[in-house]
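Numbering (the numbering used here), first residue to last: 2 to 356. So the structure is just underneath, and the comments pick up after that.
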Ligand SMILES: Cc1cc2nc3c(=O)[nH]c(=O)nc-3n(C[C@H](O)[C@H](O)[C@H](O)COP(=O)(O)O)c2cc1C
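Structure, rendered in structure tokens:
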């Protein structure tokens, strides 16, 4: 537990508490944050988080959005807005990066005009909070409409999306973010390019070439330079939580080695339960990643207590990200510090009310 309060010199962080990215659906239709969302971030900065990863922000309004009223970050208007907020956040010596996002196949027509994916494969048929079972079909939790078959992305379309990420990086730097995080997790576009389960292509964008991720990292690195370039990855997908890890389907060590080589300086491991080997796996995601890189690792996923935190650090992680705990308890850092009661069995069915 004490380890969380140590500063982290490599990224110049005052402590090792990271606020995980969480889509709150508190923006207007153009992806501009509401006052409530602004206060939500400010409050957590004031209450001590060392690093805030701002929730997934769509890089275009056409095919990148996964959620209604989700954040977007692709225009000068977005840049100008965040410039103001970042200044206030930084007064607290909190660093802040923004997670850039493309939903890929995990969106519906009512939200994104077009649904694009490496291969024209419908999402898996597994329900979750985001994809409830409604009248015997898996639907989007907001629209209650079914997920369709995505269009296979063309090389040109892939290039357009890379340009959009690049532009968003430029805006992020101009706004004053300390870096960006590429959302390469949870089955969205980038993750779906990297796994053979969701990418059946045979061209240069085939799964284990990792070409899309590599090009993306190269382009972002040119702009980000020595600021934080984080890459979030997971084994699980929003439409397939219990997927077993198999390096034959998703060669994480090879991916991480490549991304390390091209300039990622933080790997953000999103796990179902950090510090625990799941589904017959011999290693946790943090261990798999640590075995092949010396860069900074953030671990996230159901982190609730001291013993677990100690174990995660021992496995090679440097920083711990808290998701729902940071949403329910804006003062989580102080609660840990003062050994105040934390209800670990909270439900988050009313998550939109937390501010
Ligand atoms: C409401 C909600 C929104 C989320 N949105 C995102 C997101 O925008 N980007 C992302 O990478 N993960 C997202 N996640 C996943 C969290 O970052 C985190 O990985 C997950 O909640 C597990 O950590 P926890 O047990 O500490 O909550 C979201 C989770 C929740 C509960």
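By construction, the Cβ of each residue, glycine as well, lies at the ideal position given by its N, Cα and C atoms.
- 65 is the residue among 134, 70, 65 whose C-alpha sits nearest the C-alpha of residue 117.
- Its chain contains 289 as the residues whose beta carbon lies nearer than 6 angstroms to that of residue 253, once the 5 sequence neighbours on both sides are disregarded; these appear in chain order.
- The beta carbons of residue 150 and residue 196 sit no closer together than 8 angstroms.
- Taking each of 42, 115, 135, 256 in turn and checking the Cα distance to residue 106, the smallest one comes out for 115.
- Buried is the label assigned to residue 176, since at least 16 other Cβ atoms lie within 10 Å of its Cβ.
- The criterion of a C-beta distance shorter than 8 angstroms is satisfied by residue 206 and residue 119.
- Contact between the stretch 241-257 and the stretch 270-288 is present: 3 or more CB-CB pairs across the two stretches fall below 8 angstroms.
- Using a C-beta cut-off of 8 angstroms, the stretch 288-302 makes contact with the stretch 316-334, since at least three inter-stretch Cβ pairs fall below that distance.
- Between the stretch 59-77 and the stretch 19-28, the count of C-beta pairs closer than 8 angstroms reaches three or more; the two stretches touch.
- For the stretch 104-167, not one full-length beta strand (DSSP E) segment reaches 3 residues or more.
- For residue 331, the number of other beta carbons within 10 angstroms of its own is at least 16, and it is reported as buried.
- Distance check between residue 164 and each of 342, 124, 50, 216 places 216 closest, using alpha-carbon atoms only.
- When the five nearest sequence neighbours on each side are left out, the beta carbons in the same chain lying within less than 7 angstroms of the beta carbon of residue 302 are those of 271, 272, 273, 274, 275, in order along the chain.
- The beta-carbon separation of residue 181 and residue 98, rounded to 6 angstroms, stays under the 8 angstroms limit for a contact.
- Here residue 242 is near residue 127, since their CB atoms are less than 8 angstroms apart.
- Ranking 39, 28, 148, 266 by CA distance to the CA of residue 227 puts 266 first.
- Under the three-state reduction of DSSP, residue 74 is assigned to coil, being neither helix nor strand.
- Nearest C-alpha to residue 296 among 321, 264, 310: 264.
- In this structure, residue 299 lies near residue 269, with their beta-carbon atoms less than 8 angstroms apart.
- Look at residue 238: its beta carbon is at least 7 angstroms from all of the heavy atoms in ligand 1.
- No Cβ-Cβ contact shorter than 8 angstroms links residue 310 with residue 20.
- DSSP links residue 278 through a beta bridge to no other residue.
- For residue 287, no beta strand (DSSP E) encloses it; the enclosing alpha helix (DSSP H) starts and ends at 286-291.
- Counting of Cβ neighbours within 10 angstroms places residue 156 among the exposed residues, the total staying below 16.
- C-alpha of residue 132 to C-alpha of residue 187: approximately 13 angstroms in a straight line.
- A heavy atom of ligand 1 is found nearer than 7 angstroms to the CB of residue 303.
- Taking the Cβ atoms as the reference, residue 67 lies roughly 33 angstroms from residue 335, outside the contact range of under 8 angstroms.
- For residue 304, the secondary structure class from DSSP, reduced to helix, strand or coil, is coil.
- For the set 45, 162, 100, the Cα lying nearest the Cα of residue 93 is the one of 45.
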